[in-house]
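Chains as they are written, first to last, in the working numbering: chain S, 185 to 296; chain L, 107 to 220. Comments concern the structure below.
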Amino acid sequence: EDQVTQSPEALRLQEGESSSLNCSYTVSGLRGLFWYRQDPGKGPEFLFTLYSAGEEKEKERLKATLTKKESFLHITAPKPEDSATYLCAVDDYGGSQGNLIFGKGTKLSVKP
Amino acid sequence: GAGVSQSPSNKVTEKGKDVELRCDPISGHTALYWYRQSLGQGLEFLIYFQGNSAPDKSGLPSDRFSAERTGGSVSTLTIQRTQQEDSAVYLCASSAVPGVDEQFFGPGTRLTVL
């Protein structure tokens with residue numbers, strides 16, 4: 185059973201069309217939930233860390249929120265340069281420290 | 107400052123050959139991680155080094171895989187007798203404080219086993 189499930193697998197938006205990406209997780213205890221952005225041919229780039237339910241963080245057009253079962257990455261008025269694969273990962277108290285469990289990602293395409 | 111670097115960026119090898127992949131973490135980061143990213147799959151944890159402690163090898167898929175970290179800095183991932191299913195992008199990451207700070211990733215090494 186997957187511990188981290190991201191949906192949708194792919195999302196196509198028009199420039200300016202706001203939307204949300206979902207990350208559902210199952211852990212023994214959440215040490216932290218991480219969002220990364222990955223461009224083709226590159227390593228993941230860190231975006232946010234969330235530690236407890238109710239926490240929110242923002243960066244430019246992105247806002248990440250966290251509940252006890254899932255996290256959302258909200259994208260407001262996206263631009264073509266926001267096109268990338270967005271990865272969610274959890275650090276589970278039940279696992280070894282720092283061993284992140286990744287979802288398969290959501291591939292976002294923003295058309296001008 | 108410089109980020110995490112990896113070499114080579116691409117490696118093509120024949121089945122049965124051994125390969126070595128190198129990772130230079132961010133200076134001062136005590137934790138170093140190796141992950142594997144296969145097409146259509148999420149990142150898969152392989153091994154984790156923290157300071158001078160024994161590494162967490164729980165993610166290594168077989169005994170053909172091994173890794174070492176010299177002097178608490180540079181790390182080498184070795185795959186012996188490569189198989190076609192080993193073809194993937196191998197990513198290295200480092201962090202200052204494991205379990206607290208974010209992990210910073212290198213650009214990866216794309217391994218192709220023919």
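Backbone N, C-alpha and C define an ideal beta-carbon position, used for all residues, glycine too. Remember, predicted model here, so these are calculated numbers, not experimental data.
| Asked | Found |
| --- | --- |
| Buried/exposed call for Thr290/S, threshold 16 Cβ in 10 Å | buried |
| Assigned secondary structure, Glu199/S (DSSP; H/G/I helix, E/B strand, else coil) | coil |
| Inter-stretch contact at 8 Å, needing at least 3 Cβ pairs: the region 259 to 273 of chain S / the region 208 to 228 of chain S | yes |
| Contacts of Gly282/S in chain L (Cβ-Cβ under 8 Å) | Ala137, Tyr139, Tyr154, Gln156, Ser201, Pro204, Gly205, Gln209 |
| Residue burial classification, Gln198/S (beta-carbon count within 10 angstroms, cutoff 16) | exposed |
| Nearest to Leu220/L (by Cα), restricted to the options Ser201/L, Ser193/L, Asn116/L | Ser193/L |
| Backbone CA spacing between Leu183/L and Val203/L [nearest angstrom] | 22 Å |
| is_contact[Ser181/L, chain S] using C-beta, thresh 9 Å | no |
| N-terminal and C-terminal residue of the beta strand (DSSP E) that Asn116/L is part of | 116 to 119 |
| Reduced DSSP category for Glu265/S - H, G, I as helix; E, B as strand; rest coil | helix |
| Cβ-based burial, Gly279/S [other Cβ within 10 Å; buried from 16] | buried |
| Reference Leu195/S, options Thr210/S, Ile285/S, Ala268/S, closest by Cα | Ala268/S |
| Coarse secondary structure for Glu126/L, derived from DSSP in three states | strand |
| Backbone CA spacing between Tyr196/L and Pro262/S [nearest angstrom] | 30 Å |
| Thr218/L beta carbon less than 9 Å from that of Gly122/L | no |
| Same chain, Cβ closer than 7 Å to Pro192/S, five either side skipped, listed in chain order | Thr290 |
| Selected residue, minimal CA-CA separation from Gly212/L, among Leu152/L, Tyr141/L, Ala173/L | Tyr141/L |
| The region 168 to 178 of chain L contacting the region 196 to 215 of chain S, beta-carbon criterion three pairs below 8 Å | no |
| Local Cβ density within 10 Å of Gly282/S, reported as buried at 16 or more and exposed below that | buried |
| contact_flag[the region 144 to 156 of chain L, the region 110 to 122 of chain L] where n(CB pairs < 8 Å) is 3 or more | no |
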